[in-house]
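Undergrad: Residue numbers (this note's numbering): 98 to 324. Cβ atoms here follow ideal geometry from the backbone N, Cα and C, with glycine treated the same way. Sharing a structure below in structure tokens format, with a few things to ask.
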């Protein structure tokens, strides 16, 4: 693995400042950036905000895009859903095409915009989220045989993935557009990975993070370490 991917980034939820009020500073991505919770080839790396920026998801997306565009092939794991259940596409008559799904979602949930939080789109303050909804009972095929998976449409519960997913999807699109064919979003760009390309994939560190001693890491740091 290390020969294929000299660089390995283990990332906790890609949601950040766009997911909740900036003042709260409660989301996992703020902790990720603030604590330097990105491991590069097994070592912690810092993502420092530039002048006039806070430690939020736009800072990270720019940093990661630069790394993937110019550095050696990297394996990137991000802890939020990269897709929605098939019934979502069927209900909204969307083609079975991941890039088209991202474009359509971004049109209705533009959570990569300035001062555009998931809660604002949910409340109708901005975006058009009301016409791109799903049901909290829907789960993805890959989740149907698990006992603990929560729907990407189930907000406001402990352990939810909905907010992180709705905030993170537009940023996946942004990274994809910036990096072009240098990055393979697995498995949506194909099961096989072309030689020399970086890979971005969905990960679920909760499955194995408790198998490793925490060594004084907090929960988010332990998740990144496990990946």
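Which value, in whole angstroms, describes the spacing of the CA atoms of residue 204 and residue 180?
TA: Residue 204 and residue 180: Cα-Cα distance of roughly 16 Å.
Undergrad: With distances taken Cα to Cα, identify the nearest neighbour of residue 209 among 288, 229, 263.
TA: The option with the nearest alpha carbon to residue 209 is 263.
Undergrad: Return yes when the Cβ of residue 239 is within less than 7 Å of the Cβ of residue 223, no when it is not.
TA: Against a cut-off of 7 Å, the Cβ pair of residue 239 and residue 223 comes out as no contact.
Undergrad: Using only CA atoms, which one of 314, 177, 278 lies nearest to residue 259?
TA: Residue 177 is the option with its Cα nearest to residue 259.
Undergrad: If you compare alpha carbons, which of 294, 281, 265, 185 is closest to residue 168?
TA: Of the candidates 294, 281, 265, 185, the one whose C-alpha sits nearest the C-alpha of residue 168 is 294.
Undergrad: Within the same chain, show all residues whose beta-carbon is closer than 8 Å to that of residue 272, passing over the 5 residues directly before and after it, in chain order.
TA: 158, 161, 162, 165, 280, 297.
Undergrad: In whole angstroms, what separates the C-alpha of residue 93 from that of residue 202?
TA: As shown, the chain starts at 98 and ends at 324. That puts residue 93 outside it, with no answer to give.
Undergrad: Helix or strand or just coil, what does DSSP make of residue 250?
TA: The answer is coil: DSSP assigns residue 250 none of H, G, I, E or B.
Undergrad: Should residue 228 go down as buried or exposed, given a rule of 16 or more other Cβ atoms within 10 Å for buried?
TA: It counts as exposed.
Undergrad: Helix or strand or just coil, what does DSSP make of residue 227?
TA: In the structure shown, residue 227 sits in a helix (DSSP, three-state: H, G or I).
Undergrad: Using the C-alpha atoms, what's the distance from residue 195 back to residue 285?
TA: Cα to Cα, residue 285 sits roughly 6 Å from residue 195.
Undergrad: So, under 8 Å CB-CB, residue 306 and residue 292 are touching, yes? Tell me the CB distance rounded to an integer number of Å.
TA: That pair is no contact at about 31 Å.
Undergrad: Could you tell me the alpha carbon to alpha carbon distance between residue 174 and residue 255, rounded to whole angstroms?
TA: Looking at the two C-alpha atoms, the distance is approximately 22 Å.
Undergrad: With distances taken between CB atoms, is the gap from residue 184 to residue 235 smaller than 7 Å?
TA: In contact: residue 184 and residue 235 (Cβ atoms closer than 7 Å).
Undergrad: Nearer than 6 Å: is that true of the beta carbon of residue 242 relative to any heavy atom of the ligand PLP?
TA: Summarising the ligand content, the structure contains no ligands, and the ligand PLP is consequently not present.
Undergrad: Where does residue 160 sit, in a helix, a strand or coil, going by DSSP?
TA: DSSP places residue 160 in helix when its eight states are reduced to three.
Undergrad: How would you label residue 327, buried or exposed, when you count the other beta carbons within 10 angstroms and need 16 or more for buried?
TA: Outside the modelled stretch of the chain, which goes from 98 to 324, sits residue 327, for which no answer is possible.
Undergrad: Could you give the first and the last residue of the continuous beta strand (DSSP E) run that contains residue 309?
TA: It is not in any beta strand (DSSP E) - residue 309 carries neither H nor E in the DSSP assignment.
Undergrad: Taking DSSP as the reference, what is the three-state secondary structure of residue 218?
TA: Here residue 218 sits in helix by DSSP.
Undergrad: Using 7 Å as the threshold, is the C-beta distance between residue 324 and residue 310 below it?
TA: Their beta carbons are not under 7 Å apart, which means residue 324 does not touch residue 310 by this criterion.
Undergrad: Can you check whether the CB of residue 261 is closer than 7 Å to the CB of residue 248?
TA: Not a contact, by the Cβ cut-off of 7 Å.
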